[in-house]
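**Q** Quick note on numbering: full-length UniProt numbering labels position 236 of the sequence shown as 236, and the sequence is numbered without any gaps.
The C-beta atom is built at its ideal place from N, Cα and C for all residues, glycine as well.
Structure below; questions to follow.
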Amino acid sequence: MAVLCGSFTLCGLGPGGVGVGGGLLALEPGPDPDHVLLTDRGRTATLFKVSDQKPLGCWSVKHGQIITCPVVCNFETHEYVAVHDDKVLRIWKNTDINLDKVFKATLSADVFRIHSLPCGGPMVLFKGGGVRTLDVLLEAPQQEIENIISDEVIKWSEAFMDGQQPVLIFATEKDGDFFVYVQKLKTNSLHKYKLEQQELYKPLSFTAYIKNQIITLLCLYSNDSVYKVLIPLQQNSEEGEQILSKSQLLKLSVSGSVLKGTSFVVLDKDHVAVLGSLVAPGEESKECLTIWNTKFQTLQTSKELPLATSGQLWCYEEKFFFTHGKVLTVIMYKCETSSLAAAVGKHKDSQTPDVSSFVNWNTLTDEELVVSFQPQQSVALKSESKMTLRSKRNSIAKVQPDPLSVGQILLSLKDTSTTVLEDELRQLISKARMPDFQASIGCVITTLINRCKTNPKYYPQNFLLQIVQTQDLSYSLCPDLMAVALEKKDVHLLQICLQRFPDIPEEITYACLKVFLSISEACLQRIDVNLESVSCYIDTEFNNKEVKTEIVENGFNAELEQDIRNTKMTKETHLTAGGSFCPVGPQKAALLNAVLHSAYSEAFLLPHLKNLPAQQVVLFLRYLYYLYVKSSEKINTTLPGIRSPTISQIMDWMCLLLDAHFTVMVMLPEAKELLSNLHKFVRAQVRFYSELNKIEGSLRELQRLNNQKDSQTYSIEVLELI
């Protein structure tokens, strides 16, 4: 059983992101399980922390130079190894910045790829088929490298550890024939094989794994099939070139549709993931990421990818990595022990909704729909004979049906009323937690949001709030939820999402900030907003004044837009030079606090903040200045209350806004006093902390002298603090 879980964007591609030189060359594991190394088809390599979606380091070669093979990490020394311009080897550490000043060695032959193993160290594969460990190569960089493959061209390579022995395998092509080489470095033995030819079709992609001294080579062919080839490591060195026979492992077709695969990876002994284009008769092709069960020849789950991909797929630490449009997307997955019930979608925990995105429901008959979602029968019923089952057909029909599965609920969305649908979903949520419960709820929310898009009058605000508040969800599980909430200006739901979702993209965070700043105080006073982050410190004397207005859905009314300027001007009169009054009401302050708490990457958020209108920038800066003054009143610089902003969050956002709009702020008359107050307050604090630092040095000196003093002697010492 396999299931696709949440997804998120690791980084952008092209201008402002990685891959400026024409896309990604490769993705390799970093020194930590949560790190990956990205190499673009140009000059740059970037180290990313996956969980935070943040770059930890970026290195580039000079203009005119090109990185020609993926950068890898030497796990033994925690150094990085790269080759540019085919022959120039570079080695550097995390602390190095300029690659011109790091270790450099020019080799005697062109390098195809470097493979790094956690226990075996890096191995260098040359385009001529020669292999050297990095240590041996560094002893004499200009050593002669033998040419093994003659006119053949290397198409793919991979490295493994067989016990304590590193093994390298690579595939070559010459005049339509494909060959496989297996190199064992410690014994310096090399075996050459020829792949069994198949008329009209050729291999497009390779992957392999090793177990029990047998290499299992999987080949994705152009006839939409995956073939398996077994290569034993124990071979007689005197044997000549052998022909490898292959057997069909998987046919990439289901329900009349065929998957034209471009790349694939092995997940475990029973599952492979394939990235490609789904082709159905009479329909346009669409790109999909799929997981297949090779043991039972079934599709387990899939995800449609509406934007273009590069056809490359990488897999590390139960995560898929692939380019999707102009971003690098990460999708988490989970594989469990394969069983026939799970393979055909009848296991009680199987994730039918994921398969539903692949199957065209309009082409299925009613019988197929029922079978695809039929609950698993009891073991007792299965063991009975057909005659007994026929005799008991009437009694079985009287038994109460099992509760609807997630797949059946999603299927019922096509015709079921919203009342019945929400009742079924509430029953599902109230049940005990099950495996992949979060993924199921994410699918349900996505389906609800799709109905909201097709029917603008339908918006189950209270039900969505209940799900978000009671379940541990994330943005990647229901990416369209916040987009619809922004469209509806549902600020309460946006506030809860900002507080609970750990992986919100910077673009959505900016959109929430813009909505919070633009909506009027009069509208916000009639909206239910969580005020626990502001109730203990905000000055609300001028906010308690009642504003008469009608109650509208989501707290928005076009007739109230005229009141925004008047309301804002009224609030500004209450802001003194010392920042003693809050420039916004408690509702808006609580919403802005949710933004301050959200995680972000400065590199990705700053371009969006530059689009924020100047008046909103001034208002947000005034609120941040108010928080800054408030937090500085306490010795521990901590605001009271639950989910109150920290001093670091306040300072970081002030710096972000000033970086994005400094020129505008300097030229804007209404910002002059605010910037002056900020400058004076910060300068006073810098002087204060400077004096504290002087005392700290003296106290440390006193402590050092006290430690050196002999406790058995008596003395009087005079210390002068300068």
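Using DSSP with H/G/I as helix, E/B as strand and the rest coil, what is N98?
**A** Residue mapping note: residue 98 aligns to position 98 of the sequence shown, counting from 1. Note: N98 maps to coil in three-state DSSP.
**Q** What does F179 pair with, by DSSP beta-bridge criteria?
**A** Along the sequence shown, read from residue 1 onward, the residue named residue 179 stands at position 179. According to DSSP, which records beta bridges pairwise, F179 is partnered with T172, K194.
**Q** Pick out whichever of F48, P33, D32 has its Cα sitting closest to the Cα of T39.
**A** Residue numbering aside, residue 39 sits at position 39 when the sequence shown is read from its first letter. Taking each of F48, P33, D32 in turn and checking the Cα distance to T39, the smallest one comes out for F48.
**Q** Between the segment 158-166 and the segment 100-109, do three or more beta carbon pairs fall short of 8 Å?
**A** no
**Q** Using 8 Å for Cβ pairs, my map puts I441 next to L481. What's the rounded Cβ distance?
**A** Start at 1 with the first residue of the sequence shown, and residue 441 comes out as number 441. Start at 1 with the first residue of the sequence shown, and residue 481 comes out as number 481. Actually they do not touch by this definition, with Cβ atoms about 11 Å apart.
**Q** From the DSSP output, in three-state form, read off T446 for me.
**A** The residue given as residue 446 occupies position 446 in the sequence shown. Helix at T446.
**Q** Cβ atoms of V330 and F8: under 8 Å apart, would you say?
**A** What you label residue 8 is simply residue 8 of the sequence shown in a count that begins at 1. What you label residue 330 is simply residue 330 of the sequence shown in a count that begins at 1. Yes, the pair counts as a contact, with Cβ atoms nearer than the cut-off.
**Q** What first and last residue would you give for the alpha helix (DSSP H) that runs through E717?
**A** Counted from its first residue, the sequence shown places residue 717 at position 717. Looking at the DSSP string, E717 is not in any alpha helix (DSSP H), and its letter there is neither H nor E.
**Q** Going by alpha carbons, who is nearest to I134 out of T172, P669, V83, K155?
**A** Translated into the one-based positions of the sequence shown, residue 134 becomes position 134. Contrary to the premise, residue 134 reads as Leu rather than Ile in this sequence. Minimum Cα distance to L134 is reached at V83.
**Q** Quick check on the burial criterion: 16 or more other C-beta atoms within 10 angstroms. Buried or exposed for L217?
**A** Reading the sequence shown from its first residue, position 217 is the one you call residue 217. L217 is buried by the Cβ-count criterion.
**Q** Could you check whether L168 and Q183 sit closer than 8 Å to each other, using their CB atoms as the reference points?
**A** Residue numbering aside, residue 183 sits at position 183 when the sequence shown is read from its first letter. Residue numbering aside, residue 168 sits at position 168 when the sequence shown is read from its first letter. Between Q183 and L168, the C-beta gap is smaller than 8 Å, which places the two residues in contact.
**Q** Does DSSP classify V682 as helix, strand or coil?
**A** Here residue 682 corresponds to residue number 682 of the sequence shown, with the count starting at 1. Reduced to three states, the DSSP call for V682 is helix.
**Q** Under a Cβ-count criterion, where at least 16 other Cβ atoms within 10 Å of its own Cβ denotes burial, should P479 be classed as buried or exposed?
**A** By 1-based counting over the sequence shown, the position of residue 479 is 479. Buried.
**Q** Give the single residue among Q143, S116, P669 whose Cα lies nearest to the Cα of G30.
**A** If you number the sequence shown from 1, residue 30 lands on position 30. The option with the nearest alpha carbon to G30 is S116.
**Q** Would you decide whether L4 is buried or exposed? Buried here means 16 or more other CB atoms lie within 10 Å of its CB.
**A** Stepping through the sequence shown from its first residue, residue 4 is reached at position 4. Per the 10 Å Cβ criterion, buried.
**Q** Measure the C-alpha to C-alpha separation of T323 and V420 and round it to an integer number of angstroms.
**A** The residue given as residue 323 occupies position 323 in the sequence shown. The residue given as residue 420 occupies position 420 in the sequence shown. One C-alpha to the other measures close to 40 Å.
**Q** If you follow the alpha helix (DSSP H) that R500 is part of, which residue opens it and which one closes it?
**A** As a first step, residue 500 is located in the sequence shown; it is residue number 500 there, counting from the start. Going by DSSP, R500 is part of the alpha helix (DSSP H) stretching over 491-500.
**Q** Tell whether a beta-carbon distance below 8 Å holds between residue 729 and S474.
**A** The chain is shown only over 1 to 722; residue 729 falls outside these bounds and no answer can be derived.
**Q** Using DSSP's beta-bridge definition, name the partner residues of N254.
**A** Position 254 of the sequence shown, counted from the start, is the residue given in the question as residue 254. Looking at the sequence itself, residue 254 is Val, so the reference to Asn does not match. In the DSSP output, where bridge partners are listed per residue, V254 has S257.
**Q** Should E284 be labelled buried (16 or more other beta-carbon atoms within 10 Å of its own) or exposed?
**A** Within the sequence shown, numbered from 1, the residue matching residue 284 stands at position 284. Exposed: under 16 other Cβ atoms inside 10 Å.
**Q** Determine the contact status of L275 and T262, defining contact as a CB-CB distance below 8 Å.
**A** For the purposes of this step, residue 275 is taken as the residue at position 275 of the sequence shown. For the purposes of this step, residue 262 is taken as the residue at position 262 of the sequence shown. Contact flag set, yes.
**Q** Is it true that the segment 124-140 meets the segment 176-191, where meeting means three or more beta-carbon pairs spaced less than 8 Å apart?
**A** yes
**Q** Rounded to whole angstroms, what is the Cα-Cα separation between Y80 and L465?
**A** Taking the first residue of the sequence shown as 1, we reach residue 80 at position 80. Taking the first residue of the sequence shown as 1, we reach residue 465 at position 465. Between Y80 and L465, the C-alpha separation is close to 47 Å.
**Q** How long is the line joining the alpha carbons of V272 and K303, rounded to whole angstroms?
**A** On the sequence shown, residue 272 is found 272 positions in, with the first residue counted as 1. On the sequence shown, residue 303 is found 303 positions in, with the first residue counted as 1. Looking at the two C-alpha atoms, the distance is approximately 14 Å.
**Q** Taking just the CA atoms, how far does K488 sit from L369?
**A** Here the question's residue 369 lines up with position 369 in the sequence shown. Here the question's residue 488 lines up with position 488 in the sequence shown. Confidence at L369 is low in this model, with a pLDDT of 34, below 50, so the placement of that residue should be treated as unreliable; the coordinate-derived value is given next. So the two alpha carbons sit approximately 35 Å from each other.
**Q** Using CA coordinates, which residue listed in C512, K62, R113 is at the minimum distance from N98?
**A** Taking the first residue of the sequence shown as 1, we reach residue 98 at position 98. When each option's Cα is compared against that of N98, the closest is K62.
**Q** What number of angstroms, rounded off, separates the C-alpha of K610 from the C-alpha of T77?
**A** Reading the sequence shown from its first residue, position 610 is the one you call residue 610. Reading the sequence shown from its first residue, position 77 is the one you call residue 77. The alpha-carbon separation between K610 and T77 amounts to approximately 42 Å.
**Q** Can the beta-carbon of I145 be found less than 8 Å from the beta-carbon of G121?
**A** Taking the sequence shown and counting its residues from 1, the one referred to as residue 145 is at position 145. Taking the sequence shown and counting its residues from 1, the one referred to as residue 121 is at position 121. No, Cβ-Cβ distance for I145 and G121 is not below 8 Å.
**Q** Just reading off the alpha helix (DSSP H) that Q525 is part of, what are its end residues?
**A** Walking along the sequence shown from the start, residue 525 turns up at place 525. Note, Q525: premise wrong, no alpha helix (DSSP H); not H, not E.
**Q** Taking just the CA atoms, how far does Q499 sit from I508?
**A** Counted from its first residue, the sequence shown places residue 508 at position 508. Counted from its first residue, the sequence shown places residue 499 at position 499. If you take the alpha carbons of I508 and Q499, they lie about 13 Å apart.
**Q** Quick one: Cα of D224 to Cα of S253, how far?
**A** Within the sequence shown, the letter at position 224 stands for residue 224. Within the sequence shown, the letter at position 253 stands for residue 253. Approximately 8 Å, taken between the alpha carbons.
**Q** Can you name the residues that DSSP bridges to Q242?
**A** The sequence position of residue 242 within the sequence shown is 242, counting from 1. In the DSSP output, where bridge partners are listed per residue, Q242 has Y193.
**Q** Span of the beta strand (DSSP E) holding N293?
**A** Here residue 293 refers to the residue found at position 293 of the sequence shown. Taken as a continuous stretch (DSSP letters only), the beta strand (DSSP E) holding N293 covers 286-293.
**Q** Contact check, A671 vs V618 under 8 Å by CB: the rounded distance?
**A** Locating residue 671 in the sequence shown gives position 671, counting from the first residue. Locating residue 618 in the sequence shown gives position 618, counting from the first residue. Right, the Cβ-Cβ distance comes to about 5 Å (below 8 Å), so this counts as a contact.
**Q** Express the C-alpha separation of I716 and L658 in angstroms, rounding to a whole number.
**A** As a position in the sequence shown, residue 658 is number 658, starting the count at 1. As a position in the sequence shown, residue 716 is number 716, starting the count at 1. If you take the alpha carbons of L658 and I716, they lie about 54 Å apart.
**Q** Who are the Cβ neighbours of I551 in its own chain at under 6 Å, not counting the five residues just before and after it?
**A** Reading the sequence shown from its first residue, position 551 is the one you call residue 551. The predicted model places I551 with a pLDDT of 30, which falls under 50 and marks its position as unreliable; any figure quoted below should be read in that light. Only R526 meet the Cβ criterion.
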